[in-house]
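Student: Each residue of the sequence shown is one higher than the one before, starting from 190 at the first, in this note's numbering. Note that CB positions come from ideal geometry on N, CA and C, so glycine has one too.
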Amino acid sequence: MQLTGAQALIKSLEQQGVDTVFGLPGGAILPVYDPLLDSSIRHILVRHEQGAGHMAEGYALATGRPGVAMVTSGPGSTNIVTPIANAHMDSTPLVVVTGQVATSSLGLDAFQECDITGITMGVTKHNFLVRTAHDIPRAVAAAFHLATTGRPGPVLIDLPKDVAQSTMEWWYPAGPDEYDLPGYHPLIDLDEADVERAVALMAAAERPVLYVGGGTLKSRATAELRAFAERTRIPVVTTLMARGAFPHSHELNLGMPGMHGLYAAVTAMQRSDLLITLGARFDDRVTGRTAAFAPGARVIHVDIDRAELGKIRQADVAIQGDVGTVLRAFEAAGAMPARLDTWWSEIRSWQAAYPLTYEDEPTEGPLRPQHVIESLAANAPEGTIVASGVGQHQMWTAQFWPFEEPNSWINSGGAGTMGFGVPAAIGAKVGRPDRTVWCIDGDGCFQMTAQELVTARSEGIPVKVAILNNSHLGMVRQWQEMFYDERYSEVYLSPDLPDYVQWAEAMGCVGLRATTPKEMSDVIDEANAINDVPVVIDFRVDATEKVFPMVPAGASNDDILVHPSQRKETR
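(1) Would you mind sorting Pro371 into buried or exposed? The rule is 16 or more other CB atoms within 10 Å of its CB.
(2) Enumerate in chain order the residues of its own chain whose CB-to-CB distance from Leu662 is below 6 Å, with the five nearest sequence positions on each side excluded.
(3) Compute the Euclidean distance between the alpha carbons of Arg432 and Thr586, then round it to the nearest angstrom.
(4) Apply the 10 Å Cβ neighbour rule to Tyr677 and answer buried if 16 or more other Cβ atoms are within range, or exposed otherwise.
(5) If I measure Cβ to Cβ from Gln145 and keep anything under 6 Å in the same chain, skipping five residues before and after, which residues do I get?
(6) So Thr514 and Gly240 are supposed to be a Cβ contact under 8 Å. How far apart are they, rounded?
(7) Where do the N-terminal and C-terminal ends of the alpha helix (DSSP H) with His582 fall, by residue?
(8) May I have a chain-ordered list of the alpha helix (DSSP H) segments no shorter than 4 residues that lie completely inside the segment 245-290?
(9) Less than 8 Å separating the beta-carbons of Val388 and Phe519?
(10) In angstroms with no decimal places, state the Cα-to-Cα distance between Ser745 and Thr456.
(11) Can you give the Cα-Cα distance for Glu563 and Gln540, rounded to whole angstroms?
(12) Which residue wins for smallest C-alpha separation from Ser601, given the options Asp223, Ala245, Asp279, Thr209?
(13) What's the gap between the Cα of Ile273 and the Cα of Gln196?
(14) Where does Val561 fall in DSSP's three states?
(15) Would Tyr673 be called buried (16 or more neighbouring beta carbons within 10 Å of its own) or exposed?
(16) In the DSSP assignment, what residue or residues form a beta bridge with Ile233?
(17) Does DSSP put Arg470 in a helix, a strand or coil?
(18) Where does Asn568 land, buried or exposed, given buried means 16+ other C-beta within 10 angstroms?
(19) In this structure, how does DSSP classify Gln239 when only helix, strand and coil are distinguished?
(20) Who are the near neighbours of Leu414 in its chain, counting only those whose CB is closer than 8 Å to its CB and skipping five residues on each side?
(21) If we cut at 8 Å on Cβ distances, does Gly215 have a partner in chain C?
(22) Are at least three pairs of beta-carbons, each pair with one atom in the segment 536-550 and one in the segment 686-697, less than 8 Å apart?
(23) Exposed or buried, what is Thr531 when buried is set at 16 or more other beta-carbons lying within 10 Å of its beta-carbon?
(24) Taking only the alpha-carbon atoms, compute the straight-line gap between Asp324 and Asp711 and give it to the nearest angstrom.
(25) Please return the same chain residues whose Cβ sits closer than 8 Å to the Cβ of Arg320, not counting the five positions on each side in sequence.
(26) Look at Ala613 and Glu246 and say whether their C-beta atoms are less than 8 Å apart.
(27) Return the chain-ordered list of same chain residues with a C-beta closer than 6 Å to the C-beta of Val724, the five sequence neighbours on each side being excluded.
(28) Could you check whether the segment 228-240 touches the segment 590-598, counting it as contact only if at least three pairs of C-beta atoms, one from each stretch, sit closer than 8 Å?
(29) If you pair each beta-carbon of the segment 486-500 with each one of the segment 438-456, do three or more pairs fall below 8 Å?
(30) How about Leu463 and Met391: do their beta carbons lie closer than 8 Å?
(31) Taking the beta strand (DSSP E) that Met430 belongs to, which residues open and close that run?
(32) When the Cβ atoms of the segment 684-693 are set against those of the segment 611-627, are three or more pairs found closer than 8 Å?
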């Protein structure tokens, strides 16, 4: 069967079970958009290529399947670099197809030419510049294999226009042996000796902690994690990228560690004698000053990526492998620590002394952002998915929203990408149309990618957006207040410019506003009753509110700052 390269690309995506592509057409990718008309694949037309990438990420994080985006050459491809870098940092499976100028024009500075494979070399798991139509099926199959096996990540396929227009005899690789990926062996057999050494460390531990990272979600190991934790009764901390990997309400859950983690979670790690690290990478936001992190702890480090083992903290036992596979091996070996009653008694005392807290809300506002998040969560249907931008609102959401199940928290962790929230929420809703999807955003983040609500409205994707409008770049303001002598440089945004209600309505959405607790309750109820169009709520929150606890940058986790109301107590 003779097909054009463009037809072969679309057919190859169909072979991979792709149901949705997020994209924006342009000259170099135009040949591929023609066969899309005859395909079963749904195309979501975005308003900016960055939105396509973040939507694909949100889709992937909500479904566990790879997200797919397609854009044109030159500025189209450079506009999607940020989502690619974001996916690379957070190990999100992504396949991005970029158009490219004709092969005869490569290297000649042709119109909208861009060396996107060179630009993205450092932020993709792999990338391909396809030079013949015959190679398209192999490139697509290999891209999905790479994106979804081992440590997941983004893969880019750069397709020259003449390759898309040329013809080939249809074929499709039967399996990985035909992908031409020498040296790529993502499946690693466990070393039984390593498992035995890890089990021995657990047996001797008196103050162990399960340090759970996003790799636990990527390996779909949440059931194994819960079974192991419940049998051993080892305390569990879940990083920002692992919220929902272990139920918030579970008695063994200590919450989130790190710069804005819960006091008990941070301190338990500091005082532990064994960190059982599952799919986490000892990120600086978790460790604080590395040399002072968990100084008395032995370390078992489990990660699918060998490069993470020993990169920051040398492990006593380093195990390369899938988290679920390793946990099953621990179970089979009967791993069990010593009695933990004394350890748990100490942890419970920290939880009682330093819970998450904030000041009572004045009757007439401004609203406390933490109260807004608690109220949204209390009124959200079971199974609600929450996306966020980056900043104070992200940290408050991670702290105060009770994540009970995996794949319910969509955020930008490693890259910290402002503007991620709205398009990621749209992608999550496309992937899980049966779920309510809230985006909790800041006014700064919202202004970066709000145009994608036009996409949501035109495509019938009814997400809900809560803007915590404090009229500032909130996290920057917090740092300037605490560490720059209250010298507020270029951080004020204005609460009324733009008018978020009118902006939402101009994009075809429902726009609401709340300035008092009574209004807050009313608009949340109103928003929850609207399920056919996007809703945007402008919550006017206190600009002086700060995120606590907090470990100052470069400080030890022992220097954690709790809420001012708790500092009168001796820690």
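Tutor: According to the structure shown:
(1) Along the sequence shown, read from residue 1 onward, the residue named residue 371 stands at position 182. Answer is exposed; the Cβ neighbour count stays below 16.
(2) As a working note, residue 662 is residue 473 in the sequence shown. Cβ neighbours of Leu662 beyond the five flanking positions: Gly633, Val680.
(3) Numbered from its first residue, the sequence shown carries residue 432 at position 243. Numbered from its first residue, the sequence shown carries residue 586 at position 397. Their Cα atoms are separated by approximately 10 Å.
(4) The residue given as residue 677 occupies position 488 in the sequence shown. It counts as exposed.
(5) Residue 145 lies beyond the residue range present for the chain, which begins at 190 and ends at 760; the question has no answer from this structure.
(6) Numbered from 1 along the sequence shown, position 325 holds the residue referred to as residue 514. Numbered from 1 along the sequence shown, position 51 holds the residue referred to as residue 240. Contact flag wrong, Cβ pair sits at about 36 Å.
(7) Here the question's residue 582 lines up with position 393 in the sequence shown. Unbroken alpha helix (DSSP H) run through His582: 581-589.
(8) 264-268, 270-279
(9) Position 199 of the sequence shown, counted from the first residue, corresponds to residue 388. Position 330 of the sequence shown, counted from the first residue, corresponds to residue 519. For Val388 and Phe519, yes; Cβs fall inside 8 Å.
(10) What you label residue 745 is simply residue 556 of the sequence shown in a count that begins at 1. What you label residue 456 is simply residue 267 of the sequence shown in a count that begins at 1. Cα to Cα, Ser745 sits roughly 11 Å from Thr456.
(11) Indexing the sequence shown from 1 puts residue 563 at position 374. Indexing the sequence shown from 1 puts residue 540 at position 351. Looking at the two C-alpha atoms, the distance is approximately 19 Å.
(12) Taking the first residue of the sequence shown as 1, we reach residue 601 at position 412. Nearest C-alpha to Ser601: Asp279.
(13) Here residue 273 corresponds to residue number 84 of the sequence shown, with the count starting at 1. Here residue 196 corresponds to residue number 7 of the sequence shown, with the count starting at 1. Going from the Cα of Ile273 to the Cα of Gln196 covers about 25 Å.
(14) The residue given as residue 561 occupies position 372 in the sequence shown. It is helical.
(15) If you number the sequence shown from 1, residue 673 lands on position 484. Exposed, since its Cβ has fewer than 16 Cβ neighbours within 10 Å.
(16) As a first step, residue 233 is located in the sequence shown; it is residue number 44 there, counting from the start. Looking at the DSSP assignment, Ile233 forms a beta bridge with Phe211.
(17) Residue numbering aside, residue 470 sits at position 281 when the sequence shown is read from its first letter. Arg470 falls in the coil class under three-state DSSP.
(18) Stepping through the sequence shown from its first residue, residue 568 is reached at position 379. Result: exposed.
(19) Within the sequence shown, the letter at position 50 stands for residue 239. DSSP places Gln239 in helix when its eight states are reduced to three.
(20) Start at 1 with the first residue of the sequence shown, and residue 414 comes out as number 225. Excluding sequence neighbours, Leu414 sits near Leu399, Val401, Thr405, Val425, Ala434, Phe435, Leu467, Val512, Leu516.
(21) Among the protein chains of the structure shown there is no chain C, as only one such chain exists.
(22) no
(23) Start at 1 with the first residue of the sequence shown, and residue 531 comes out as number 342. Per the 10 Å Cβ criterion, exposed.
(24) To locate residue 324, count along the sequence shown from 1; it is residue 135. To locate residue 711, count along the sequence shown from 1; it is residue 522. Distance between the alpha carbons of Asp324 and Asp711 is about 57 Å.
(25) Position 131 of the sequence shown, counted from the first residue, corresponds to residue 320. Cβ neighbours of Arg320 beyond the five flanking positions: Thr292, Pro349, Val352.
(26) On the sequence shown, residue 613 is found 424 positions in, with the first residue counted as 1. On the sequence shown, residue 246 is found 57 positions in, with the first residue counted as 1. Cβ distance < 8 Å, so Ala613 and Glu246 count as in contact.
(27) The count along the sequence shown starts at 1 and reaches residue 724 at position 535. Only Lys653, Val699, Ala716 meet the Cβ criterion.
(28) no
(29) no
(30) Here residue 463 corresponds to residue number 274 of the sequence shown, with the count starting at 1. Here residue 391 corresponds to residue number 202 of the sequence shown, with the count starting at 1. Cβ distance < 8 Å, so Leu463 and Met391 count as in contact.
(31) Here residue 430 is taken as the residue at index 241 of the sequence shown, counted from 1. Element bounds for Met430: n/a, residue is neither H nor E.
(32) no
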